[in-house]
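Undergrad:
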Amino acid sequence: MSVSKCLFPVAGLGTRFLPVTKELAKEMLPLVNKPIISYGVEEAISSGCNNIIMISGRAKRSIENYFDRSFELEELLKARGKMELYEEMIKISNMAEILFIRQREPLGLGHAVLCGEPVCKNEYFGVILPDDVFVSEEPVMSQLIKVHERLGGSVIALEYVEPEDVSRYGIVDSKEIEPGIHKINDMIEKPSLEKSPSRYAIMGRYVLSPLIFPILAGQNAGAGGEIQLTDALRKLAGIEPVYGVVYRGRRFDCGTQKGWLAANVALAMDNPELREVILNIVNNK
Ligand code: G1P
0 MSVSKCLFPV AGLGTRFLPV TKELAKEMLP LVNKPIISYG VEEAISSGCN NIIMISGRAK
60 RSIENYFDRS FELEELLKAR GKMELYEEMI KISNMAEILF IRQREPLGLG HAVLCGEPVC
120 KNEYFGVILP DDVFVSEEPV MSQLIKVHER LGGSVIALEY VEPEDVSRYG IVDSKEIEPG
180 IHKINDMIEK PSLEKSPSRY AIMGRYVLSP LIFPILAGQN AGAGGEIQLT DALRKLAGIE
240 PVYGVVYRGR RFDCGTQKGW LAANVALAMD NPELREVILN IVNNK
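Just so you know, we're using numbering that gives the first Met the number 0 here: the sequence shown kicks off at 0 and counts up by one.
#1: I want to check one thing, is the minimum distance from the CB of M82 to the heavy atoms of the ligand G1P below 8 Å?
#2: Could you say which of R15, Y242, A10 lies nearest to C253 if we only look at CA atoms?
#3: Report all residues from its chain with a CB closer than 7 Å to the CB of A216; omit the five preceding and five following residues, and keep chain order.
#4: With C-beta atoms as the reference, is Y199 less than 9 Å away from S173?
#5: Could you name the residues of the same chain whose beta carbon sits closer than 6 Å to that of V132, not counting the 5 residues immediately before and after it, in chain order?
#6: If contact is defined by three or more beta carbon pairs under 8 Å, each pair taking one atom from either stretch, is the segment 176-192 in contact with the segment 82-97?
#7: Can you grab the Cα-Cα spacing for the pair V245 / G80, in whole Å?
#8: Below 8 Å on the Cβ atoms is my contact criterion, and I expect I211 with L235 to pass it. Report the Cβ-Cβ distance as a whole number of Å.
#9: Is there at least one non-hydrogen atom of the ligand G1P closer than 8 Å to the beta-carbon of L340?
#10: Quick check on this structure: which residue in P213, I238, S55, Y242 has the alpha carbon closest to the alpha carbon of P129?
#11: Got a sec: does the ligand G1P put a non-hydrogen atom nearer than 8 Å to the Cβ of A200?
#12: Go ahead and pull the three-state DSSP assignment for A265.
#13: Using a Cβ-Cβ cutoff of less than 7 Å, which residues in the same chain neighbour I97 once the five nearest sequence positions on both sides are dropped?
#14: When you compare the CB positions of E42 and V171, do they come within less than 9 Å of one another, or not?
#15: Can you give me the C-alpha to C-alpha distance between I176 and L150, rounded to a whole angstrom?
#16: So if DSSP puts E177 in a beta bridge, which residue, or which two residues, is it bridged to?
#17: I'd like to check one pair, I214 with A220: are the Cβ atoms closer than 9 Å?
#18: At the level of alpha carbons, what is the spacing between P105 and L228?
#19: Cβ of D172 versus every heavy atom of the ligand G1P: is any distance shorter than 8 Å?
#20: In this structure, does DSSP put N93 in helix, strand or coil?
#21: Go through the segment 145-171 residue by residue and report every complete run of the beta strand (DSSP E) that reaches 3 residues or more, in order.
#22: Ordered along the chain, which non-local residues of its own chain (more than five positions away) have a Cβ less than 8 Å from that of G152?
#23: Within the present structure, is the beta-carbon of Q142 separated from the nearest heavy atom of the ligand G1P by less than 8 Å?
#24: Hey, A58 and A111 are a contact pair by Cβ (cut 8 Å); roughly how many whole angstroms apart?
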């Protein structure tokens with residue numbers, strides 16, 4: 000069974016980046032020369048998910064505009080003979096079929112996923128939290144889809160985190176069944192270190208069974224007063240298998256200023272021209 004649809008919850012207000020996010024969607028912050036959201040969309044497409052569904056909010060029109068054609072800009076670039084840039088602009092708007100659904104109230108990640116039900120209710124689908132940006136040889140979503148195709152069930156990305164970080168994530172109670180692949184027994188959203196069943200944390204990539212929707216629809220608010228995806232996944236794991244994949248790659252938490260800055264520096268260091276600039280600054284040249 001393959002996965003062709005991918006949900007992107009992007010309605011969050013980005014308060015960690017205020018004041019810049021007073022007007023700008025946090026997903027549109029640049030990572031070197033592209034907005035953060037573009038990395039997630041490229042990952043989905045290269046993993047075979049050509050149908051992208053953004054669960055969006057009022058202040059996110061810029062995301063919609065970014066993936067749309069910009070007639071005036073294209074004409075201007077053509078008239079000025081800037082054909083390379085022109086082609087690049089066309090490529091962005093042809094990247095994928097993108098559908099936008101409004102999450103009318105900020106009721107949490109679980110609620111955002113539930114907003115995708117009309118489009119995803121009959122099949123397994125992907126979820127990408129675009130704040131988590133991965134640099135990896137094989138796209139992390141593709142690593143998850145491969146496990147789903149082989150073992151069935153839902154699949155989530157896992158990372159072994161430092162003890163001081165467990166309270167920032169959903170944490171799983173699991174058993175490793177193959178190198179790097181876990182069967183999930185239980186999970187808890189943002190536990191204290193004492194209550195944490197392990198140090199394996201859920202990262203922002205999921206392949207989910209459509210059975211998650213009725214569970215989410217009947218679910219009360221959990222940690223932080225929000226409808227939590229982790230709470231619904233926990234119930235799902237009691238009905239159908241849920242697997243965890245310790246992803247291969249490097250992750251940047253672009254939902255925080257530190258992580259976003261680190262991602263910019265790391266990606267710039269991978270570019271021969273920009274590497275020079277960073278090294279010169281660091282070496283005070
Ligand atoms: C969400 C999930 C959490 C997961 C995290 C990964 O939390 O609720 O289980 O570990 O994403 O980034 P949030 O970052 O929205 O607080």
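Don't be surprised by glycine CBs; every beta carbon is placed ideally from N, CA and C.
TA: So, to answer that:
#1: No heavy atom of the ligand G1P is found nearer than 8 Å to the CB of M82.
#2: The shortest C-alpha separation from C253 is found at R15.
#3: Exclusion of the five residues before and after A216 leaves L113 as the residues of its chain whose Cβ lies within less than 7 Å of its Cβ.
#4: Yes, these two residues count as a Cβ contact at 9 Å.
#5: Y38, F251, C253, A262, listed in sequence order.
#6: At 8 Å Cβ cutoff, the stretches do not touch.
#7: Each residue's Cα considered, the two are about 47 Å apart.
#8: A Cβ-Cβ distance of about 6 Å is found for the pair I211 and L235, placing them in contact under the 8 Å criterion.
#9: Examination of residue 340 is not possible in this model, given that the chain is present from 0 through 284 alone.
#10: Closest option to P129, Cα to Cα, is S55.
#11: When distances are taken from the beta-carbon of A200 to the heavy atoms of the ligand G1P, the shortest one is below 8 Å.
#12: Under the three-state reduction of DSSP, A265 is assigned to helix.
#13: Sequence-distant Cβ neighbours of I97 in its own chain, meaning closer than 7 Å and more than five residues away, are I51, M53, F66.
#14: For the pair E42 and V171, the CB atoms are not nearer than the 9 Å cut-off.
#15: Each residue's Cα considered, the two are about 11 Å apart.
#16: According to DSSP, which records beta bridges pairwise, E177 is partnered with I180.
#17: Cβ atoms of A220 and I214: not closer than 9 Å.
#18: Taking the straight line joining both Cα atoms gives about 14 Å.
#19: Of the heavy atoms belonging to the ligand G1P, none sits nearer than 8 Å to the Cβ of D172.
#20: Reduced to three states, the DSSP call for N93 is coil.
#21: Within the segment 145-171, the complete beta strand (DSSP E) runs of at least 3 residues are 153-159.
#22: When the five nearest sequence neighbours on each side are left out, the beta carbons in the same chain lying within less than 8 Å of the beta carbon of G152 are those of S208, E239, P240, V241, Y242, in order along the chain.
#23: No, the Cβ of Q142 stays beyond 8 Å of every heavy atom of the ligand G1P.
#24: Going by Cβ atoms, the distance from A58 to A111 rounds to 15 Å, so no, they are not a contact pair.
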